[in-house]
Structures are given as C-alpha cells and as structure tokens.
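Q: Take 4 as the starting number for the sequence shown in this note's numbering and just add one per residue.
We put the beta carbon where it would ideally sit given N, CA and C, even for glycine.
A single structure is presented below for examination.
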Amino acid sequence: MVDTRSADQRRRIMQSVKQKDTGPEIAVRKKLHSLGYRFRLHGRTLPGRPDLVFPSRKKVIFVHGCFWHGHECSKGALPKSRLEYWKPKIEANKTRDERNVNELKKAGWESLVLWQCEVARLDEAIDSIERFLGPPGRQGSAD
C-alpha cells in the first residue's frame, strides 16, 4: 500500500511526535503527584531513561506509546504501508525495551511498564501503580 502523505507531510508528522512529556505521561505524573508521590523525571543515568524514577524505592515507570513499543492492542497495530520499514523498527524497539528492563533489574531496580491504552482508564492504571509503588510518602532519603 502506498503512503497517502507526501514525503514532506510525513516528515513533519514524524517530527511532531514527542519522546517525552507525552499526554499519557503527563496524566500519570499529575495524578501521582496529587496523591503525594514524588519522583524524578527521565532518569538520564538509568537504562532506557525511565519516564518516572522513584530513587529511594529503586523503582521506575515507563509510560509506553502502544504503537512505538509494539503493544498488542488496537493502537499498537502496524501500519499497512511500508511494512518492510515499520516491522523491524518496532521489533528493535521491543528488543531494546526488554534489554533496558533487564539491565535495570540487574542493577537492583524494579520496573513497571504502563501502556498508552491503559492510561485511557487512568483510575485502573493508578491502582496498579499504587500496588507497584506502595503508599506515597518517603520510603528512604530521595523520593
């Protein structure tokens, strides 16, 4: 199937896609902050640069876009055009994500992956985050 956009239109669309501070990520951050959780953003020194870092708990949260990270939901479906490009790209993203989680685990960190489609049901997503993190408040010295 041929792309329905010109090369210039496609480039502008792709350049507008954010890597951090996405809508789902901001929704999760606002809700967690209002519940009393404190965190660092985009841990530069950690594998995969997790979206939310809870240093004293040694826990991180990734908020993944379903398409870009290959989630098996309707939002994660591969496009019909340029499958020879998109399939290896998304598979490489999935491999990288798995490697990052494994590296974090080896370093003593626990990870939670939260999907874009899960954030659409924010209350349910927050319930799973609270189970993962435990109660808000300081767990050590640097939350």
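Count the other CB atoms, across all protein chains shown, that sit within 10 Å of the CB of Tyr88; report buried if there are 16 or more and exposed otherwise.
A: By the neighbour-count rule (16 or more Cβ atoms within 10 Å), Tyr88 is not buried but exposed.
Q: Under 8 Å Cβ to Cβ from Ala145, same chain only, skipping five residues before and after it: list those, please.
A: Here Ala145 scores only 49 on pLDDT, less than 50, and its place in the model should not be relied on; the value that follows carries that caveat. Within the same chain, Ala145 has close Cβ partners Pro58 and Ser59.
Q: Can you check the segment 64-104 for any alpha helix (DSSP H) of at least 4 residues that lies completely inside it and give the ranges in chain order?
A: none
Q: So is Pro82 buried or exposed if we call it buried at 16+ other beta carbons inside 10 Å?
A: Exposed, since its Cβ has fewer than 16 Cβ neighbours within 10 Å.
Q: Are the CB atoms of Val66 and Thr25 within a distance shorter than 8 Å?
A: Cβ distance < 8 Å, so Thr25 and Val66 count as in contact.
Q: In terms of alpha-carbon separation, which member of Leu125, Leu38, Lys61 and Pro50 lies closest to Glu28?
A: Leu125
Q: With the cut-off set at 8 Å, would you say Gly46 and Val31 are in Cβ contact?
A: no
Q: Any C-beta of chain D sitting closer than 8 Å to the C-beta of Val31?
A: The chain labelled as chain D is not found in the depicted structure, where only one protein chain is given.
Q: Rounded to a whole number of angstroms, what is the C-alpha to C-alpha distance between Cys76 and Asp100?
A: Separation of Cys76 and Asp100 (C-alpha to C-alpha, rounded to the nearest whole angstrom) is 17 Å.
Q: Go to Ser114, then tell me how far its beta strand (DSSP E) extends in each direction, as first and last residue.
A: Glu113 to Trp118
Q: For Gln119, which residues of its own chain have a beta-carbon under 7 Å away from its beta-carbon, when the five flanking residues on both sides are left out?
A: Pro27, His67, Gly68, Cys69 and Lys78
Q: According to DSSP, simplified to helix, strand and coil, what is Arg43?
A: strand
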